[in-house]
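*Asks:*
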Amino acid sequence: GYIEEYLLNVCSGVIKTKDGKNNITFLWENPKNIVFDMKFRLLELSIVFDNLISNSRKAGASEVLVTVDQEADGVLLIQYKDDGKGIPNENKDKIFDLAFTTTDGSGLGLYQTKEILSQMKGDIELISSSKGKGTVFEMRVKK
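Position 47 (the sequence shown) corresponds to 262 in our numbering; numbering is contiguous.
(1) How big is the Cα-Cα spacing for I310 and E353?
(2) Relative to the C-alpha of L222, which residue among N237, L291, Y295, N248 is closest?
(3) So, at 8 Å on beta carbons, what are the nonlocal neighbours of A314 in its own chain, with the 5 sequence-adjacent residues on each side left out?
(4) Note down, one range per segment and in chain order, each alpha helix (DSSP H) of at least 4 residues found wholly within the region 277-315.
(5) If I'm right that N350 touches I293 with Cβ under 8 Å, what's the distance once you round it to whole angstroms?
(6) If you draw a straight line from the C-alpha of K233 to the C-alpha of S269, how long is it?
(7) Please state whether the Cβ-Cβ distance between I239 and R272 is less than 9 Å.
(8) Taking the continuous beta strand (DSSP E) assigned at I342, which residues delimit it?
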């Protein structure tokens, strides 16, 4: 519930596209109406999504779709998909490395995201990214 509220009520209508002309559209899908109760620090989960959103914005995304599901073993699956320019193949194996960046950023965002999720008994992985089709990450969190 927190993720949905954060994306739709805090980020939606506030985060501008890279050109600053429009707002990024945030979409939320929870087709199975999954409720996943766990303790976490609100700030840390906000940082995870802020880092992903920042990268989407830098990649020129105009839309972000977040979908949640629950795997058979009870693990929460969160898919984060944007329609940005994608990650070049030569960078895909480095994106979670400390200080790796191809922008004016610090190179801390995805590294920090992976660390926070690890502390939450979770993980993040790049599922796909291609030019003109955007990027898809999947996060898994155990109770």
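Where a beta carbon is used, it is the ideal one built from N, C-alpha and C, also for glycine.
*Replies:* Answer, in terms of the structure:
(1) 14 Å
(2) Y295
(3) S321, G322, L323, Y326
(4) none
(5) A small fix is needed here, since residue 350 is Thr in this sequence, not Asn. About 14 Å; that fails the 8 Å criterion.
(6) 10 Å
(7) yes
(8) 337-345
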